[in-house]
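Read the structure below first, then the notes.
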Amino acid sequence: MGINMRIERWIRNWLKGRLQRVVLKGELSGWKEVTSGVPQGSVLGPILFNLFITDLGTKSGNVLIKFADDTKLGGIANTEKDRDIIQEDLDDLVNWSNSNRMKFNSEKCKVMHLGINNKNFRYTLGTHQLEATEEEKDLGVLVDHRMTMSRQCDMAVKKANAVLGCIRRGISSKDKEVLVPLYKALVRPHLEYCVQFWSPMFKKDEFKLEQVQRRATRMIRGMENLSYERRLKELGLFSLAKR
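Note that the UniProt record's numbering has the sequence shown beginning at 1, numbered continuously upward.
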């Protein structure tokens with residue numbers, strides 16, 4: 001992989017000779033040598049893990065996305081042959097996991113058939129039949145099989161409104177110097193998290209998101225009777241659609 005031998009020896013020395021033990025109800029276990037893994041919280045840990053899984057891939061050219069210990073396989077299956085190719089990729093992933101002692105948690109693995117007219121083929125991960133799901137939260141984003149992202153918008157609005165309600169009940173000041181920074185730091189991130197991926201497709205969803213900011217700006221002293229556009233200008237904000 002092009003790693004300098006001095007660096008390789010340094011990493012080997014850093015990993016070898018480590019011991020660990022556990023505490024249960026105040027009782028200490030004996031020391032055991034650590035034969036796999038890396039020290040938790042270390043700077044080198046993520047780098048070494050990425051090196052470890054670099055050969056995890058597919059032969060077919062189907063999409064394989066890896067993020068830390070999260071793995072996704074995607075492909076187009078219009079025929080039984082297409083389905084078999086995806087199944088072969090799944091079998092290869094299982095073989096890799098067994099060889100490298102990094103077994104998948106099959107109970108957490110699911111299949112999502114995207115689109116309305118999908119043939120809904122069935123797949124297995126080893127001996128486990130993969131459960132089909134219509135929606136799944138992926139890295140904090142709720143993805144549904146229709147890819148409309150309306151459910152994600154609803155979830156983002158619910159979280160943002162909950163935080164906004166806490167601010168309204170817990171902060172006595174109505175000054176913009178207090179509320180605007182709180183809105184930017186605690187509320188708006190819920191409305192914009194990964195929005196590059198799930199940007200609302202429908203006007204109704206866009207309106208739901210904007211309503212949160214409308215409500216937040218109306219909480220500020222002196223802004224109650226101004227139009228939304230005027231409130232944004234006075235507070236130095238942009239509409240969420242423009243952002």
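C-beta: ideal position from N, C-alpha, C; glycine also.
Predicted model only: the values in this text are computed from it and were never measured.
Counting only the same chain and skipping the five closest in sequence on each side, list residues whose C-beta sits under 8 Å from that of ARG18.
-> Mapped onto the sequence shown, residue 18 falls at position 18. GLU33, VAL34, PRO39.
Between the C-alpha atoms of LEU28 and ALA216, what's the straight-line distance to the nearest angstrom?
-> Walking along the sequence shown from the start, residue 28 turns up at place 28. Walking along the sequence shown from the start, residue 216 turns up at place 216. Straight-line Cα distance between these residues: approximately 52 Å.
Flag this pair as yes or no: are the beta carbons of MET201 and THR127 separated by less than 7 Å?
-> The count along the sequence shown starts at 1 and reaches residue 201 at position 201. The count along the sequence shown starts at 1 and reaches residue 127 at position 127. No.
Tell me whether VAL143 is buried or exposed, calling it buried when 16 or more other Cβ atoms sit within 10 Å of its Cβ.
-> For the purposes of this step, residue 143 is taken as residue 143 along the sequence shown, with counting starting at 1. Buried, because 16 or more other Cβ atoms sit within 10 Å of the Cβ of VAL143.
Which ranges does the beta strand (DSSP E) cover as unbroken runs of at least 3 residues, wholly within the UniProt domain "Reverse transcriptase" (1-143), from first to last along the chain?
-> 63-67, 70-74, 135-138
By a C-beta neighbour count over all protein chains shown, 10 Å radius and 16 as the cutoff for buried, is ARG163 buried or exposed?
-> Looking up residue 163 in the sequence shown gives position 163. The residue you asked about is not Arg; residue 163 is Val in the sequence shown. Per the 10 Å Cβ criterion, buried.
Use the C-beta contact count for ASP70: other C-beta atoms within 10 angstroms, 16 or more gives buried, fewer gives exposed.
-> Stepping through the sequence shown from its first residue, residue 70 is reached at position 70. With fewer than 16 other Cβ atoms within 10 Å, it is exposed.
When we look at the beta-carbon of MET223 and count the other beta-carbons within 10 Å, is it buried (16 or more) or exposed?
-> What you label residue 223 is simply residue 223 of the sequence shown in a count that begins at 1. Label assigned to MET223: buried.
Nearest neighbour of LEU237, chosen from GLY170, PHE104, GLN213, LEU56 [CA to CA] | Against the sequence shown, residue 237 aligns to sequence position 237. Here the closest residue by C-alpha is GLN213.
Looking at ALA160 and LEU191, is the spacing between their C-beta atoms short of 7 Å?
-> What you label residue 191 is simply residue 191 of the sequence shown in a count that begins at 1. What you label residue 160 is simply residue 160 of the sequence shown in a count that begins at 1. Taking 7 Å as the Cβ cut-off, LEU191 and ALA160 qualify as a contacting pair.
Classify THR217 as helix, strand or coil using the three-state DSSP reduction.
-> Walking along the sequence shown from the start, residue 217 turns up at place 217. In this structure, THR217 counts as helix in the three-state DSSP scheme.
Would you kindly check if the distance between the Cβ of VAL157 and the Cβ of residue 244 is under 7 Å?
-> Any question about residue 244 goes unanswered here, given that the chain covers just 1 to 243.
Could you check the C-alpha separation between GLN211 and LYS16 for me, to the nearest Å?
-> Within the sequence shown, residue 211 is the residue found at index 211, counting from 1. Within the sequence shown, residue 16 is the residue found at index 16, counting from 1. Going from the Cα of GLN211 to the Cα of LYS16 covers about 56 Å.
Take ASN78 and list the residues in its own chain whose beta-carbon comes closer than 8 Å to its own, dropping the five residues that flank it on each side.
-> As a position in the sequence shown, residue 78 is number 78, starting the count at 1. Hits under 8 Å: LYS119.
With DSSP collapsed to three states, give me the class of HIS145.
-> Within the sequence shown, numbered from 1, the residue matching residue 145 stands at position 145. Coil.
Given 8 Å as the limit, is there contact between the stretch 84-92 and the stretch 56-74, that is, 3 or more CB pairs closer than that?
-> Contact between the stretch 84-92 and the stretch 56-74 is present: three or more C-beta pairs spanning the two stretches fall below 8 Å.
Answer yes or no: the CB of HIS128 versus the heavy atoms of the ligand PLP, is any distance below 6 Å?
-> Annotation note on the ligand PLP: not contained in the displayed structure, which lists no ligands.
Along the chain, where does the alpha helix (DSSP H) that runs through ALA160 open and close?
-> The residue labelled residue 160 in the question sits at position 160 within the sequence shown. Per DSSP, ALA160 belongs to the alpha helix (DSSP H) from 150-170.
Buried or exposed by the 16-neighbour rule on C-beta atoms within 10 Å, applied to residue 249 = There is simply no residue 249 to check, as the chain begins at 1 and stops at 243 in what is shown.
For THR124, I'd like the list of residues in its chain whose CB is within less than 8 Å of its CB, leaving aside the five on either flank, ordered along the chain.
-> Position 124 of the sequence shown holds residue 124. Hits under 8 Å: GLN87, LEU90, LEU130.
If we count the other Cβ atoms within 10 Å of its Cβ and call it buried at 16 or more, is GLN20 buried or exposed?
-> Taking the sequence shown and counting its residues from 1, the one referred to as residue 20 is at position 20. It counts as exposed.
Is the Cβ-Cβ distance between ILE220 and LEU179 less than 7 Å?
-> One-based indexing of the sequence shown puts residue 220 at position 220. One-based indexing of the sequence shown puts residue 179 at position 179. Result yes, Cβ atoms of ILE220 and LEU179 sit closer than 7 Å.
Taking 7 Å as the cut-off, decide whether the C-beta atoms of CYS166 and LYS208 are in contact.
-> Position 166 of the sequence shown, counting from 1, holds the residue named residue 166. Position 208 of the sequence shown, counting from 1, holds the residue named residue 208. No; because the gap between Cβ atoms is not below 7 Å, this pair is not in contact.
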